[in-house]
Amino acid sequence: MVEIKVLTDVLKANDAIAEQNRKKFEESNVAVFNLIGSPGAGKTSVLEVVIERLKGEYRIGVIEGDIATSRDAERIAKLGVETLQINTRGACHLDANLIASALSEFPYQDLDLLFIENVGNLICPAGYALGEEAKIVVISVPEGQDKPAKYPVIFRNASLMLLNKIDLLPYCDFDIEAMKNDALAVNPDLEVTATSCTTGEGVEEWVTWLRSKMQQRNSKG
Ligand code: MG
Ligand code: ZN
0 MVEIKVLTDV LKANDAIAEQ NRKKFEESNV AVFNLIGSPG AGKTSVLEVV
50 IERLKGEYRI GVIEGDIATS RDAERIAKLG VETLQINTRG ACHLDANLIA
100 SALSEFPYQD LDLLFIENVG NLICPAGYAL GEEAKIVVIS VPEGQDKPAK
150 YPVIFRNASL MLLNKIDLLP YCDFDIEAMK NDALAVNPDL EVTATSCTTG
200 EGVEEWVTWL RSKMQQRNSK G
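Numbering (numbering that gives the first Met the number 0), first residue to last: 0 to 220.
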């Protein structure tokens, strides 16, 4: 089928550019994490809480992907870290080429840790490699527990699931264990952390996950 062939070629071309991005990140020893989740899952909020805690330890930067506005970049820039906003002008995901162009105007070489906040969308960002070390899927309690079954690709491709807004559990019909089991059925290696940026619950665990990733890298040399 022609349509499927076109998509395969697009993804292949994307993968080749992602590989070039990855080489650049490796040469500069920057750890890159690609955050993916629906609009309103709390991607910017989970970044704010870890940046507050880790900015004294690591040189951190953030690339914000949005269809429009620089609102998220403004929130992140307030924390005093290097920030760049990419507006996709309607496109529903970041691709490796957008990141490659962003890198020419972003001092990623000076960073230890770069977060890329993808466009709010649980579907196609999962298929576009950007050159990241790992994908992190952010999902929130009010979205409902059926997401791993209905949108398996991102759960399969992610290394960590942040189950966010757990302070809302008392108001939602949401079974954490059942949701985790669905996610693990799709990806048995998926690590899971439950967080609330409102109460701070789980934030220390999320910080610890990032620290351990950074330490693993440094011990590799
Ligand atoms: Mg955001
Ligand atoms: Zn898309």
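All C-beta atoms in this analysis are idealised placements derived from N, C-alpha and C, irrespective of residue type, glycine included.
Short check: CB of residue i to CB of residue j, under 8 Å?
i    : j    : result
I115 : E131 : yes
I221 : V140 : There is simply no residue 221 to check, as the chain begins at 0 and stops at 220 in what is shown.
V118 : L83  : no
P29  : L46  : The sequence given here places Val at residue 29; Pro does not occur at that position. Cβ distance not < 8 Å, so V29 and L46 don't count as in contact.
G55  : I85  : no
A128 : D14  : yes
I16  : N96  : yes
L102 : K23  : yes
R155 : V185 : yes
V49  : V206 : yes
A133 : L168 : no
L209 : A157 : no
Count the other CB atoms, across all protein chains shown, that sit within 10 Å of the CB of residue i; report buried if there are 16 or more and exposed otherwise.
i    : result
Y107 : buried
G201 : buried
L112 : buried
N163 : buried
T43  : buried
Q214 : exposed
A72  : buried
S218 : exposed
A182 : buried
V9   : exposed
A12  : exposed
V80  : buried
V31  : buried
Could you tell me the alpha carbon to alpha carbon distance between residue i and residue j, rounded to whole angstroms?
i    : j    : result
P38  : L53  : 25 Å
T7   : A193 : 35 Å
I138 : T197 : 15 Å
N33  : I135 : 6 Å
G199 : I3   : 44 Å
C91  : I66  : 7 Å
I75  : G41  : 13 Å
I175 : Q144 : 8 Å
Y170 : P147 : 21 Å
S27  : A99  : 15 Å
D172 : N120 : 23 Å
Q19  : N180 : 36 Å
L78  : R58  : 12 Å
A177 : E204 : 21 Å
G89  : T68  : 11 Å
S211 : P151 : 26 Å
Is the CB of residue i under 8 Å away from at least one CB in chain D?
i   : result
K77 : This model lacks chain D altogether; it includes just one protein chain.
Just jot down, in chain order, the residues whose CB lies closer than 5 Å to any heavy atom of the ligand ZN.
Chain-ordered list of matching residues: C91, H92 and C123.
Residues around the ligand MG, please: the ones whose beta-carbon is closer than 5 Å to some heavy atom of it, in chain order.
K42, T43 and D71
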